Every structure is written in C-alpha cells, then in structure tokens.
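**Q** So in numbering that gives the first Met the number 0, the last spot in the first sequence is 283, and the numbers never skip.
Just so you know, even glycine gets a beta-carbon here, dropped at the ideal spot from N, CA and C.
Owing to the predicted nature of the structure, the values given are computational and were not obtained by experimental measurement.
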Amino acid sequence: MSARFLGVLNVPELPEVETIRNGLAKVLEGRRCKEVLVRRGDLRRPLPNKFAEKVKGRVFTRFCRRAKYLLLHLEDNKVVLVHLGMSGRMTLGGQSNPIQHDHVVFDFEGGVRLSFNDPRRFGLIDLFEANQVSRHPLIEALGPEPLGPNFDGRILTSILSGRRASIKALLLDQKVVAGLGNIYACESLFLARVSPRRSGASVAGVRAERLALAIREVLRAAIAAGGSSLRDYVQAHGELGYFQHKFKVYGRNGDACASGASDHVIRRLVQSSRSTFYCPRCQR
DNA sequence: AGACGTACCTGACCGC
DNA sequence: TGCGGTCAGGTACGTC
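1. Return the CA-CA distance between H102 and I166, expressed in angstroms with no decimal places.
2. Exposed or buried, N48, counting other C-beta atoms within 10 Å across all chains shown (16 or more means buried)?
3. Check whether the Cβ atoms of E12 and G250 lie closer than 8 Å to each other.
4. Only counting the same chain, and skipping five residues up and downstream in sequence, which positions put a Cβ closer than 6 Å to that of M85?
5. Please name the residue, chosen from L70, R65, L42, that lies closest to A177 on a Cα-to-Cα basis.
6. Quick check on the DSSP output: the beta strand (DSSP E) that includes C185 runs from which residue to which?
7. What does the alpha-carbon distance come out to for the pair S114 and A224?
8. Could you tell me whether the stretch 142-154 touches the stretch 123-131, where touching means 3 or more Cβ pairs closer than 8 Å?
9. For P14, does the three-state DSSP call read helix, strand or coil?
10. Apart from the five residues on each side of it in sequence, which residues of its chain come closer than 8 Å, Cβ to Cβ, to I265?
11. Between R273 and S194, what straight-line distance do the alpha-carbon atoms span, to the nearest angstrom?
12. DSSP has S114 in a bridge; who is on the other side?
13. Using beta-carbon positions only, say whether A200 and G161 come within less than 8 Å of one another.
14. Based on Cα-Cα distance, which residue from H263, S187, L169 lies nearest to Q270?
15. Could you give the distance in angstroms between the alpha-carbon of G109 and the alpha-carbon of N76?
16. Looking only at C-alpha atoms, which of N149, G259, V78 sits nearest to R134?
17. Quick one: is C63 buried, meaning 16 or more other Cβ sit within 10 Å of its Cβ, or exposed?
18. Can you check which of these residues, V16, G152, G56, is closest to F105 by C-alpha distance?
19. To the nearest angstrom, how far is the alpha carbon of C281 from that of L171?
20. Thinking just about the alpha-carbon of each residue, which of R196, N149, L190 is nearest to the one in R163?
21. Roughly how many whole angstroms lie between the Cα atoms of S198 and T156?
22. Could you tell me which residues DSSP pairs with Y68 in its beta bridges?
23. Short check: CB of V175 to CB of I158, under 8 Å?
24. In whole angstroms, what is the alpha-carbon distance linking E15 and S187?
25. Put S157 into one of helix, strand or coil per three-state DSSP.
26. Please determine, among A184, F189, G152, the residue with the shortest C-alpha to C-alpha distance to V205.
27. Nearest to G92 by CA position, among H100, H82, A211, R112, is which residue?
28. Should L27 and F107 be called a contact, given that it needs their Cβ atoms to be closer than 8 Å?
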C-alpha cells in the first residue's frame, strides 16, 4: 500500500471530515492498533497524558463524526477525538518513514499506518470516556448537525431569532450550525440567494427554509464528490485528487456569476476579518 | 449575552 | 536567489 493522502487540500469542513471518516472506517474499523508514536504532542492543546500507552493495543471499533470532529471509538469504551484545524490531514499508508509534520502515528495490524499530519498544529487530539461524548466541552455547545433529520428552516429561524450579527458571521459560529466553515458558508448563501450582509434575525420563514435546504444541498454534493473520488482512490491506490471541484463563489472575486447574467460579478468583502465571496445581484 | 478583535501557526505567494 | 511582508482561516479567549 503506497502512502497517500486521505486528507484535504483546502481547509477541512464537514464534508471533508465526513469523507475522511468514511475512508478511515473502510480500512481501519475492527483493526487493532499495535503501536502509537507521538512525535509532537504540542498541538492546539497538548495531547492527553499517556495517550500512546492508552491507545496502544486497542481495537478501533467505530468511526463517527460530529460537526468537524472525528470520534474514533475504541474497544474499551474510550474515544479518540480528532479535530483537523486548518491544515490537518489523516494519511493512510504503509510503514515508511514519517514525513515532516506527522505528529502522531498509529500502526495497525496488517501493516497499515495512520498518520495525523498538521503543519500549523491548529488541530487537536483528545481521549476520554465514550459515555462523556455529549458532555465533552468541545462537543456540548455545538449547534444542530445540518444533515441531521431535524435541521430545517423552522429550527434555523429560531436559532437566528434576535441575532443582529451578519448571517455570514453566524453561519461560521459552530453554536449556530455545526460544521460549516468559510467555504461552505459562502457557497450555501449563494445557493440560497441570501446576502451575507443580512442580519441573522432577518433570515426567517421562507428565506430560512431556502438557506437550510441550500446548506444541506451544498454539503451533500460535496460529500458525494468526496465519496466518488474515494472510490477512484481505492481503485487506483494513488493520491487523492478530490476536493478540487470548483466552487461557485469561493475564491472567485471578479469572475462571472454562475447565473450567467453578463452583469453579475462575484465580489469579495471582509466580514469579521474573514473573506466573503458573493454575487451582490443574486443574493439579497 | 453577544459582538468584536486578537492570538495561535506555517506554507504559499508576491514584490523588490 | 533570497528575503521580508502579507494572507489564509477554526477556534479560544479577552474585552467592551
């Protein structure tokens, strides 16, 4: 098995984490971890004490996700929580020498190696009891899972009610909707034809319904794209080329808007010191 | 409470 | 070729 990235080229948001979860589960679910090597423990937070000793020898039983968090369940009712931050990747390969920024390396039976690689070290790894997942400080305050069965315009309206900040800033708040980052927040607002400058409270009723549907559609499409390249990857055993698909507005300042209207141009603006890309004519 | 600014971190990119 | 400056953004935290 040649080393290759099971990671992302841009920032990992919900769809990327879901694709990684799926890819890892296929290879690692039910496998015993034989060895853990911590090369750098000073991530966004320090690795838990004796992390390697506690994970070594355990079977990884289930691979789950909440928002942008990976939850890797162990046989002894513990959970390894992984957040990829800005630049984190999970690479899956054989046991060649670790490369730069491979901070934690897991060797599984069968000669499979999982590496947590994160140049900026904005990511983190934690370990705790499985029955504490919903009470974990990083998980507890998260907003609704946008692909969950209860996420719709009604619930979005109630979350946004009374909020005066811009809808764009609010979509980045993980307590409002869990799992969106800058890219899919922009893409969702474009698909919903909602202006990023609107106040949260003004997104209600039909408009909130449109936005909720758009968020789900954008995330589903991205996961589907990730899944299809995952199949290519499994067949080809090469490097993953996914998440290269074109975004409709993100990073496209000055481009023609996808609506096709000749006078519609994508613009960039800065909100909460983050870039927003949108079509001022389509999005109201 | 919520809105905002800043820090964390490093690779990529640009201009000189 | 190299060097310094700037930008990118998820999240935590401090401040008003």
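**A** Based on what the coordinates show:
1. 36 Å
2. exposed
3. no
4. V10, R119, F121
5. R65
6. Run containing C185: none in the beta strand (DSSP E); it sits in the alpha helix (DSSP H), 181-191.
7. 23 Å
8. no
9. helix
10. V248, R251, N252, G253, D254, A255, C256, F276, Y277, C278
11. 16 Å
12. T90, V104
13. yes
14. L169
15. 23 Å
16. V78
17. exposed
18. G56
19. 21 Å
20. R196
21. 12 Å
22. R65, H82
23. yes
24. 16 Å
25. helix
26. G152
27. R112
28. yes
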